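Enquirer: Shown below is the structure under consideration.
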Amino acid sequence: MQRIDEVMDEVLKRNPAEPEFHQAVREVLETLAPSIEKHPKYQDYALLERLVEPERQIIFRVPWIDDEGKVQVNRGYRVEFNSALGPYKGGLRFHKSVNRNIIKFLGFEQIFKNALTNQGIGGGKGGSDFDPHGKSDNEVMRFCQSFMTELYRHIGDMTDVPAGDIGVGGREIGYLFGQYKRLTNRFEAGVLTGKGLGWGGSLVRTEATGYGTVLFAQSMMHTRSERLEGARVVISGSGNVATYAVEKAQQLGAVPVTISDSSGWVYDPEGIDVELLRQVKEVERGRVSDYANRKKGAVFNTKGNVWQVECDVALPCATQNELNEDDARTLLKNGCKVVSEGANMPCTPGAIELFQESHILYAPGKAANAGGVATSALEMRQNASRAKWSFDRAEHELTMIMEEIHDACLATAEEYGQPGNYVLGANIAGFERVADAMLDHGVI
Ligand code: NDP
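Per numbering that gives the first Met the number 0, the sequence shown runs over residues 0 to 443.
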């Protein structure tokens with residue numbers, strides 16, 4: 000569609016050298032033509048041009064002192080992309096690969112994901128090129144305090160509500176919240192999510208993204224009268240999302256047989272021991288090789304990757320572009336029938352094309368991993384009403400939200416004549432909610 004090509008050309012021109020951002024925008028724009036043709040109003044008021052331009056981008060210096068007394072300097076980012084549906088909401092990523100391009104791609108995805116949750120949250124993302132690997136607790140604390148000393152003036156429970164992502168878990172959210180509270184003299188619980196359970200956190204937030212990804216896979220399988228029970232599941236990553244994807248898959252009777260990190264991957268044919276995984280990763284902050292050293296029958300590999308393992312279901316839960324066309328071919332050859340993305344944009348465009356051509360069940364991250372941010376919104380709801388829900392209640396709400404997202408994607412794909420196309424369904428369902436609100440608000 001010419002209109003969409005023009006917008007994409009402008010994005011390429013105005014955002015040079017930002018390949019992941021281009022990839023994320025292209026992936027959404029490519030699917031919007033049927034919606035824009037049906038509703039010509041979406042061509043008015045430069046709606047698409049405004050949608051691809053962040054409302055605000057903040058970049059700042061983060062100086063801190065390491066344990067040797069040496070001054071280190073990192074760069075901090077917060078991209079406040081779209082607030083049409085509510086305060087900006089999205090995680091903070093601490094990883095050495097973080098730059099403006101990465102934060103913009105994540106922020107853009109977050110707009111549609113958050114819209115799909117129907118929880119009244121806009122889209123944003125932030126982070127730093129700080130690498131927490133090998134840093135002491137005190138170094139992480141000093142970094143977080145310096146990061147928040149700038150960020151605090153830009154966030155608030157009605158403005159922008161960060162949470163965790165790669166490299167940012169409970170420890171980091173604790174240090175960030177402590178510094179926010181100190182600087183503002185306000186116990187504003189709703190300013191961050193993923194908080195500790197003793198001071199405003201919600202039960203199930205830790206588990207939510209991984210649980211949600213598996214629940215989404217299950218909902219997709221039900222549309223073909225297939226079951227997760229007994230399925231062999233291949234999972235990448237070994238962090239927050241991967242760990243709780245393993246746990247939920249096991250609860251539903253499936254057998255997850257792999258985990259990975261940036262140094263290699265583990266094949267554990269009997270099924271991953273989630274208690275051992277949590278001990279190694281969350282308590283000892285170790286590597287997947289430490290897991291393999293302690294688990295009988297588990298093998299640690301540095302060659303190849305998890306996608307070469309025969310499976311029924313694949314759950315990429317590590318990072319962007321971690322599953323390419325060759326990996327997709329291998330998965331399909333080995334009989335994989337379901338791919339549900341726990342990570343953000345883990346499959347390359349070529350891999351997605353192959354999944355779609357072969358008509359297996361494929362769910363994009365903005366739908367399948369939305370359980371994390373949805374439960375963050377539930378945490379905000381509890382903070383606002385000073386309530387504390389039971390685990391069962393929070394999990395019930397998460398399950399309902401995942402079903403609603405699944406059904407919205409499916410119904411939208413059908414409405415536009417592409418039944419079973421979860422990519423088109425997720426993009427258009429999210430887009431129309433955001434676009435309608437943007438039109439209501441006028442040109443801002
Ligand atoms: P964690 O930091 O807890 O874990 C990340 C895992 O992925 C680690 O095992 C890490 O290994 C691995 N990994 C990260 N980068 C790379 C890389 N470049 N190459 C190979 N392995 C890598 O992060 P999360 O589990 O929270 O996040 C995982 C994914 O899920 C991300 O894409 C994130 O954006 C997405 N997501 C997270 C949500 C959440 O609630 N946490 C919500 C929605 C999406 P290593 O330690 O070696 O780096």
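Where is the CB? At the ideal position from N, CA and C, for every residue including glycine. All values reported here derive from a predicted model rather than from experimental measurement.
#1: Just reading off the alpha helix (DSSP H) that residue 429 is part of, what are its end residues?
#2: Assuming contact is defined by CB atoms lying nearer than 8 Å, are residue 53 and residue 79 in contact in what I supplied?
#3: Closest by CA to residue 329, which one among 343, 261, 360, 304?
#4: Taking only the alpha-carbon atoms, compute the straight-line gap between residue 361 and residue 298 and give it to the nearest angstrom.
#5: Could you have a look at residue 447 and say whether DSSP puts it in helix, strand or coil?
#6: Give the single residue among 257, 270, 239 whose Cα lies nearest to the Cα of residue 280.
#7: Could you check where the alpha helix (DSSP H) with residue 76 kicks off and where it finishes?
#8: Is it buried or exposed for residue 184, if we count other Cβ within 10 angstroms and need 16 for buried?
#9: List the residues that DSSP assigns as beta-bridge partners of residue 92.
#10: Given a threshold of 16 other Cβ atoms within 10 Å of its Cβ, counted over all protein chains shown, does residue 110 qualify as buried or as exposed?
#11: From the DSSP output, in three-state form, read off residue 189 for me.
#12: Helix, strand or coil for residue 325? Go by DSSP, reduced to three states.
#13: Ordered along the chain, which non-local residues of its own chain (more than five positions away) have a Cβ less than 7 Å from that of residue 381?
#14: Assign residue 198 to buried or exposed, taking buried as 16 or more other Cβ atoms, counted over all protein chains shown, within 10 Å of its Cβ.
#15: Rounded to a whole number of angstroms, what is the C-alpha to C-alpha distance between residue 38 and residue 5?
#16: From 379, 404, 258, pick the residue whose C-alpha is nearest to that of residue 446; which is it?
#17: If we call anything under 8 Å between Cβ atoms a contact, is residue 265 one with residue 290?
#18: Are the beta-carbon atoms belonging to residue 341 and residue 309 less than 8 Å from one another?
#19: Measuring straight from C-alpha to C-alpha, what distance separates residue 115 and residue 318?
#20: By how many angstroms is the C-alpha of residue 409 removed from the C-alpha of residue 121?
#21: When the Cα atoms are used, what is the spatial distance from residue 211 to residue 331?
#22: Measuring only the C-alpha atoms, how far is residue 301 from residue 260?
#23: I'd like to confirm something about residue 208: is its beta-carbon nearer than 7 Å to some heavy atom of ligand 1, or not?
#24: On the DSSP bridge assignment, give the partners of residue 301 in chain order.
#25: With a threshold of 7 Å on Cβ separation, who are the neighbours of residue 412 within its own chain once the five nearest residues in sequence on each side are excluded?
#26: Check for me: the alpha helix (DSSP H) holding residue 240 runs from which residue to which?
#27: Take residue 107 as the anchor and find which of 25, 139, 170, 60 has the nearest alpha-carbon.
#28: When you compare each of 429, 51, 142, 82 to residue 70 by their alpha carbons, which one comes out closest?
#29: Does the segment 189 to 198 come into contact with the segment 220 to 228, if we say contact requires no fewer than three beta-carbon pairs (one atom in each stretch) closer than 8 Å?
#30: Closer than 7 Å: is that where the CB of residue 317 sits relative to any heavy atom of ligand 1?
#31: Tell me whether residue 408 sits in a helix, a strand or coil according to DSSP, three-state version.
#32: Could you check the C-alpha separation between residue 181 and residue 126 for me, to the nearest Å?
#33: Under the DSSP definition of a beta bridge, which residues are partnered with residue 64?
Expert: According to the structure shown:
#1: 421 to 440
#2: yes
#3: 304
#4: 28 Å
#5: Since the first and last residues shown for the chain are 0 and 443, residue 447 lies out of range.
#6: 239
#7: Where residue 76 is concerned, there is no enclosing alpha helix (DSSP H), although the beta strand (DSSP E) it sits in stretches over 70 to 81.
#8: exposed
#9: 126
#10: buried
#11: helix
#12: helix
#13: 201, 387, 388
#14: exposed
#15: 18 Å
#16: Nothing about residue 446 can be read from this structure; the chain reaches only from 0 to 443.
#17: yes
#18: no
#19: 21 Å
#20: 23 Å
#21: 24 Å
#22: 10 Å
#23: yes
#24: Answer is none; residue 301 lacks a bridge partner.
#25: 418, 419, 420, 421, 423, 424
#26: 239 to 250
#27: 25
#28: 142
#29: no
#30: yes
#31: helix
#32: 21 Å
#33: 70
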